[in-house]
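**Q**
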Amino acid sequence: MGSKREKSGNEGADREGEKFMEPLEKEVLLLPSTIKNKEKRSSIHAKLKHKKKVEKRKRAKAREAAEKRALELGDEPPPKKIPRTIENSREFDETICKPDDEELFAGNDADEFSSVLKQGLPPKILITTCRFNSTRGPAFISDLLSVIPNAHYYKRGTYDLKKIVEYASCKDFTSVIVVHTNRREPDALLIIALPDGPTAHFKLSKVVLRKDIKNHGNPTSHKPELVLKNFTTRLGHRIGRLIQSLFPQDPNFHGRRVVTFHNQRDFIFFRHHRYIFETKESKQADSRGKNIRAGDEKSSEKKVVVRLQECGPRFALKLISLQYGTFDSKGGEYEWVHKPEMDTSRRRFFL
Amino acid sequence: MPRTTTVDIPGCPPLRALTFDVLGLIKVIEAKGAEKAHAQVVERWGEPDSSRGLLASSIIDRELDPLLGVARKNGLVEILSPINGGVQASVSNINQAGTSAEDDAIVGLYLFRRKQLESSSRSCTFLTCTIKGNTIIRSIEVPRSQNDTVNEVTQTTWATSGSGDILCSKVDESENFALFGGKRVEMNLWDLESNTKVWTAKSPAKNSLGIFTPTWFTSTTFLNKDDHRKFVSGTNDHQVRLYDISAQRRPVMSLDFRETPIKALAEDLDGNKIYVGNGSGDLASFDIRTGKLLGSFLGKCSGSIRSIVRHRERPVIASCGLDGYLRIWDIDSRQLLSAVFLKQHLMAVVFDSYFRNEEVAFSSMDLPPEAIRSEEEDIVPAKRKKKSKTRSGSKKHSSGKRNKKSDLE
Numbered sequence: 001m002g003s004k005r006e007k008s009g010n011e012g013a014d015r016e017g018e019k020f021m022e023p024l025e026k027e028v029l030l031l032p033s034t035i036k037n038k039e040k041r042s043s044i045h046a047k048l049k050h051k052k053k054v055e056k057r058k059r060a061k062a063r064e065a066a067e068k069r070a071l072e073l074g075d076e077p078p079p080k081k082i083p084r085t086i087e088n089s090r091e092f093d094e095t096i097c098k099p100d101d102e103e104l105f106a107g108n109d110a111d112e113f114s115s116v117l118k119q120g121l122p123p124k125i126l127i128t129t130c131r132f133n134s135t136r137g138p139a140f141i142s143d144l145l146s147v148i149p150n151a152h153y154y155k156r157g158t159y160d161l162k163k164i165v166e167y168a169s170c171k172d173f174t175s176v177i178v179v180h181t182n183r184r185e186p187d188a189l190l191i192i193a194l195p196d197g198p199t200a201h202f203k204l205s206k207v208v209l210r211k212d213i214k215n216h217g218n219p220t221s222h223k224p225e226l227v228l229k230n231f232t233t234r235l236g237h238r239i240g241r242l243i244q245s246l247f248p249q250d251p252n253f254h255g256r257r258v259v260t261f262h263n264q265r266d267f268i269f270f271r272h273h274r275y276i277f278e279t280k281e282s283k284q285a286d287s288r289g290k291n292i293r294a295g296d297e298k299s300s301e302k303k304v305v306v307r308l309q310e311c312g313p314r315f316a317l318k319l320i321s322l323q324y325g326t327f328d329s330k331g332g333e334y335e336w337v338h339k340p341e342m343d344t345s346r347r348r349f350f351l
Numbered sequence: 001m002p003r004t005t006t007v008d009i010p011g012c013p014p015l016r017a018l019t020f021d022v023l024g025l026i027k028v029i030e031a032k033g034a035e036k037a038h039a040q041v042v043e044r045w046g047e048p049d050s051s052r053g054l055l056a057s058s059i060i061d062r063e064l065d066p067l068l069g070v071a072r073k074n075g076l077v078e079i080l081s082p083i084n085g086g087v088q089a090s091v092s093n094i095n096q097a098g099t100s101a102e103d104d105a106i107v108g109l110y111l112f113r114r115k116q117l118e119s120s121s122r123s124c125t126f127l128t129c130t131i132k133g134n135t136i137i138r139s140i141e142v143p144r145s146q147n148d149t150v151n152e153v154t155q156t157t158w159a160t161s162g163s164g165d166i167l168c169s170k171v172d173e174s175e176n177f178a179l180f181g182g183k184r185v186e187m188n189l190w191d192l193e194s195n196t197k198v199w200t201a202k203s204p205a206k207n208s209l210g211i212f213t214p215t216w217f218t219s220t221t222f223l224n225k226d227d228h229r230k231f232v233s234g235t236n237d238h239q240v241r242l243y244d245i246s247a248q249r250r251p252v253m254s255l256d257f258r259e260t261p262i263k264a265l266a267e268d269l270d271g272n273k274i275y276v277g278n279g280s281g282d283l284a285s286f287d288i289r290t291g292k293l294l295g296s297f298l299g300k301c302s303g304s305i306r307s308i309v310r311h312r313e314r315p316v317i318a319s320c321g322l323d324g325y326l327r328i329w330d331i332d333s334r335q336l337l338s339a340v341f342l343k344q345h346l347m348a349v350v351f352d353s354y355f356r357n358e359e360v361a362f363s364s365m366d367l368p369p370e371a372i373r374s375e376e377e378d379i380v381p382a383k384r385k386k387k388s389k390t391r392s393g394s395k396k397h398s399s400g401k402r403n404k405k406s407d408l409e
């Protein structure tokens with residue numbers, strides 16, 4: 001149907017086009033940006049844009065029609081095209097972890113987090129701030145304290161960070177988190193694994209506190225479940241393990257709390273949710289229409305639906321550097337630092 | 001416009017390198033045969049075990065009977081064959097005085113080339129230096145078979161430092177002098193014949209603000225092959241210092257390089273150039289005669305550089321470090337020739353420079369490389385000739401035109 005109409009439309013356009021497409025074509029040839037008269041330029045630009053829009057709509061309609069016809073005839077619908085995104089056209093990276101890599105697992109067993117991750121040690125987190133901390137900083141920290149179990153806030157005072165690290169490792173803390181604020185806005189996060197683990201420095205952005213999220217839930221004190229997504233490369237794997245070591249490895253599933261760290265294009269998105277499984281009478285029959293209701297009575301059986309409620313906070317992290325050993329700004333050795341020369345392509349990712 | 005293709009890296013000349021990592025694995029990387037070949041991992045020796053992590057290495061790079069020494073985290077020193085990785089001898093470095101291997105890790109290892117025992121040809125002398133400054137020179141007889149016990153012949157021990165931690169050590173080419181330095185330990189030179197301290201450096205004067213930077217050496221190397229008097233050292237506060245024993249006890253020259261500690265130093269063969277690697281993965285070459293930066297090696301190197309080596313014959317250096325890559329660079333163009341991902345934090349790299357001989361022998365069996373080369377050479381001048389012909393033809397043509405024009409006029 002659609003294709004037929006499209007064809008006839010095309011033919012009509014062709015027939016008429018011979019007469020008045022000529023001036024249009026001339027205009028197409030000269031780019032609107034080269035025209036100096038603004039009125040003319042904008043009118044031609046608008047025309048071009050409209051033409052493009054019409055064509056796009058036509059194509060979409062044709063596609064839809066083809067799909068519909070295939071459905072009616074019982075054929076295989078034409079394969080859905082996969083849009084080309086930056087992620088799926090990512091540059092080849094040899095550091096991506098493979099599931100059958102025995103060196104990776106041996107490395108995991110030997111790394112700094114294995115004592116926590118093998119459930120030998122319960123994680124104990126010290127949260128502190130930069131020297132000057134006000135407004136959104138403390139609010140963000142109080143949100144973090146409700147997210148991470150067994151986290152303790154210590155006032156920074158005038159102590160050196162190296163001294164704090166030393167103190168924390170003496171007191172059997174397993175990690176230190178430093179929230180850095182700039183202009184009363186949290187803008188960086190430092191995660192230090194103790195006693196000799198790496199130090200990750202993140203840029204913190206898009207912070208939305210719990211109280212600013214509409215219809216937010218209030219988390220319980222259960223141990224949350226942890227979801228780490230898309231940490232694919234060797235470096236990503238390490239960062240993932242660093243984050244994993246902040247949370248207890250035995251979640252209370254009846255608490256129905258999930259903490260998600262989702263990596264996308266090297267940005268790590270943090271979300272905190274409560275979920276609930278609800279058994280519902282499915283209302284699909286109503287929505288479809290009344291004519292098929294009689295036959296569809298059976299399908300309105302009980303269905304399990306998952307609902308999510310966000311608890312907050314919400315923020316995004318971007319890795320700036322990963323330092324070998326604990327915090328040492330002057331004599332530190334880096335495992336990975338972001339350098340401007342590494343940004344050779346938009347399709348190159350490190351995590 | 002986004003780039004959709006990756007930049008391909010030019011291959012490197014045939015070479016063979018061995019890398020040592022924290023899991024105790026030794027990996028053999030070879031770039032084979034034809035020019036512009038990519039380096040690849042060909043062999044892996046050992047099983048991953050973090051307690052056997054490698055700390056230091058040394059190679060006797062010779063055509064006949066090369067030897068490779070490695071020091072492990074658990075205090076073992078192993079003598080291997082760099083050709084097939086077979087363990088020939090292993091000696092424990094732990095003293096009887098109840099110090100554990102973790103506390104007193106080995107930081108330096110050197111296999112002596114020239115010192116051989118007269119009694120037997122299958123002996124090996126090596127120097128080990130631990131972080132607390134216990135330096136031991138040992139001669140061992142390499143057992144004929146696996147079952148024989150290692151026969152220690154001689155042993156000399158002395159303490160290099162009283163207070164600080166030794167972090168770097170180096171033995172010069174004549175094998176008579178050794179350098180030590182570290183945290184709170186000034187660079188000092190020892191005579192290995194008599195086991196006495198010959199020379200100690202003096203820390204540089206306070207700066208104009210009266211601030212004194214504490215001593216903390218992280219790497220060192222002798223500058224020249226036949227001169228033990230000049231050496232360079234890298235410090236934790238990103239300085240490269242040139243010392244000359246015959247001149248003064250303070251550094252002759254000191255250069256600043258970027259902002260993270262200098263972690264690796266290597267000298268060029270002629271002793272005019274040095275290669276400097278630091279804690280944030282910057283690699284550069286300096287002309288040490290003038291102290292000028294010649295240029296940086298750019299190649300997306302993101303992790304701390306732990307080791308740099310210069311190839312003995314080819315104009316190539318290799319660097320490796322915490323980012324798990326072995327990178328091979330051209331020293332003149334400072335271009336990355338090849339990068340191999342080796343998965344672990346790498347501690348050291350060495351070149352096996354007699355590899356080429358084997359390679360030629362191999363390649364001559366199936367295809368003589370010279371034949372290919374000569375063919376290529378034949379083709380190239382032929383093309384050039386053609387070009388020149390066409391050019392001359394066009395010239396003639398144009399001149400003809402001109403003539404015509406002139407005729408018309």
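These protein sequence lines are chains A and B, in that order.
Residues 1 to 351 (the UniProt record's numbering) make up the first sequence, in order.
Residues 1 to 409 (the UniProt record's numbering) make up the second sequence, in order.
Just so you know, even glycine gets a beta-carbon here, dropped at the ideal spot from N, CA and C.
How far does the beta strand (DSSP E) with B:Phe351 in it reach, from first residue to last?
**A** 346 to 351 is the span of the beta strand (DSSP E), which, as asked, contains B:Phe351.
**Q** How close, in whole Å, do the beta carbons of B:Leu109 and B:Ala56 come, if the pair is a contact with beta carbons under 8 Å?
**A** Yes, B:Leu109 and B:Ala56 are in contact; Cβ-Cβ is about 4 Å, under 8 Å.
**Q** What distance in whole Å lies between the Cβ atoms of B:Thr215 and B:Glu186, which are believed to be in contact at a cut-off of 8 Å?
**A** About 6 Å; that satisfies the 8 Å criterion.
**Q** Hey, does B:Phe341 have any beta-carbon neighbour from chain A nearer than 8 Å?
**A** So, interface residue.
**Q** Under the criterion of a Cβ to heavy atom distance below 7 Å, does A:Leu117 qualify as lining the ligand FMN?
**A** The ligand content of the structure shown is nil, which means the ligand FMN is not present either.
**Q** Which residues in chain B sit within 7 Å of A:Ala106, going by Cβ to Cβ distance?
**A** Leu23, Pro48, listed in chain order.
**Q** Give me the subset of the stretch 258 to 275 of chain B whose CB atoms are less than 8 Å from a CB atom of chain A, sorted by chain position.
**A** Those would be Thr260, Pro261, Lys263, in chain order.
**Q** Compile a chain-ordered list of the residues in the stretch 59 to 92 of chain B whose CB is closer than 8 Å to at least one CB of chain A.
**A** Hits within the stretch: zero.
**Q** Can you list the residues of chain C that A:Lys339 reaches, using a CB-CB cut of under 7 Å?
**A** Here the protein chains are A and B, and chain C is not one of them.
**Q** For A:Ile164, which three-state DSSP category applies?
**A** It is helical.
**Q** Counting only runs of 3+ residues fully inside the stretch 276 to 319 of chain B, write out the beta strand (DSSP E) ranges in chain order.
**A** You should have 283 to 287, 292 to 297, 305 to 310.
**Q** Using a Cβ-Cβ cut-off of 8 Å, state whether B:Asp323 counts as contacting chain A.
**A** Judged by the 8 Å Cβ criterion, B:Asp323 is in contact with chain A.
**Q** Where do the N-terminal and C-terminal ends of the beta strand (DSSP E) with B:Phe341 fall, by residue?
**A** From DSSP, the beta strand (DSSP E) with B:Phe341 extends over 336 to 341.
**Q** Considering only C-alpha positions, which residue in the set B:Ser194, B:Arg138, B:Val142 is nearest to B:Asn176?
**A** It is B:Ser194.
**Q** Please check the pair B:Val91 and B:Val70, which I expect to be a contact at CB under 8 Å, by giving their CB distance rounded to whole angstroms.
**A** At roughly 12 Å, the Cβ-Cβ gap does not stay under 8 Å, so B:Val91 and B:Val70 are not in contact.
**Q** Any idea what DSSP makes of B:Ile331, helix, strand or coil?
**A** B:Ile331 falls in the coil class under three-state DSSP.
**Q** From the DSSP output, which residues share a beta bridge with residue 415 of chain B?
**A** Nothing in the structure corresponds to residue 415 of chain B, since chain B is present only between 1 and 409.
**Q** Could you pull the DSSP bridge partners for A:Gln249 from this structure?
**A** According to DSSP, which records beta bridges pairwise, A:Gln249 is partnered with nothing at all.
**Q** Return no unless some Cβ of chain B is closer than 8 Å to the Cβ of residue 363 of chain A.
**A** Only positions 1 to 351 of chain A appear in the structure, and residue 363 of chain A is not among them; the question remains open.
**Q** When the Cα of A:Thr326 is compared with those of A:His180, A:Val165, A:Pro313, which residue comes out closest?
**A** Minimum Cα distance to A:Thr326 is reached at A:Val165.
**Q** I'd like the list of long-range same chain contacts for A:Ser33, defined as Cβ closer than 8 Å, with 5 residues on each side in sequence excluded.
**A** If we look at A:Ser33 and ignore the five residues flanking it on each side, its Cβ neighbours are Arg41.
**Q** Under 8 Å, Cβ to Cβ, is there at least one residue of chain A near B:Gly279?
**A** Yes, B:Gly279 counts as interfacial toward chain A.
**Q** Quick check on the burial criterion: 16 or more other C-beta atoms within 10 angstroms. Buried or exposed for A:Trp336?
**A** Classification for A:Trp336: buried.
**Q** For A:Gly331, which residues in chain B fall below 7 Å Cβ to Cβ?
**A** Going along chain B in sequence order, the residues near A:Gly331 (Cβ under 7 Å) are Asn236, Pro261.
**Q** According to DSSP, is A:Ile243 part of a helix, a strand, or is it coil?
**A** In this structure, A:Ile243 counts as helix in the three-state DSSP scheme.
**Q** Assuming A:Asp172 and A:Lys124 make a contact with CB atoms under 8 Å, what is their CB distance in whole Å?
**A** Correct: roughly 6 Å between the Cβ atoms.
**Q** Can you pull the chain B neighbours of A:Arg238, defined as C-beta to C-beta under 8 Å?
**A** Per Cβ cutoff of 8 Å: no residues; A:Arg238 is ~11 Å from chain B at best.
**Q** By Cβ distance below 7 Å, which residues in the same chain neighbour B:Leu223 in space, the five residues on each side in sequence not counted?
**A** Closer than 7 Å at the Cβ level, and outside the excluded window around B:Leu223, lie Lys230, Phe231, Val232, Glu267, Gly271, Ile288.
**Q** Going by beta-carbon coordinates alone, are B:Arg72 and B:Gly53 separated by less than 8 Å?
**A** Cβ distance < 8 Å, so B:Arg72 and B:Gly53 count as in contact.
**Q** Using a Cβ-Cβ cutoff of 9 Å, what residues of the stretch 214 to 238 of chain A are near chain B? List them in chain order.
**A** Residues Arg234, Leu235.
**Q** What does DSSP give as the partner residue(s) for B:Glu43 in the beta ladder?
**A** DSSP, once it has assigned bridges, lists B:Val28 as partnering B:Glu43.
**Q** Count the other CB atoms, across all protein chains shown, that sit within 10 Å of the CB of B:Asp282; report buried if there are 16 or more and exposed otherwise.
**A** With 16 or more other Cβ atoms within 10 Å, it is buried.
**Q** Please list the residues of the stretch 342 to 354 of chain B that have a C-beta atom closer than 8 Å to any C-beta atom in chain A, keeping them in chain order.
**A** The residues in question are Lys343, Gln344, His345.
**Q** Whole angstroms are fine: how far does the CA of B:Leu127 sit from the CA of B:Leu192?
**A** Rounded to the nearest angstrom, the two C-alpha atoms are 10 Å apart.
**Q** Within the same chain, show all residues whose beta-carbon is closer than 7 Å to that of A:Asp93, passing over the 5 residues directly before and after it, in chain order.
**A** Within the same chain, A:Asp93 has close Cβ partners Thr233.
**Q** DSSP three-state label for A:Lys206, please.
**A** Strand.
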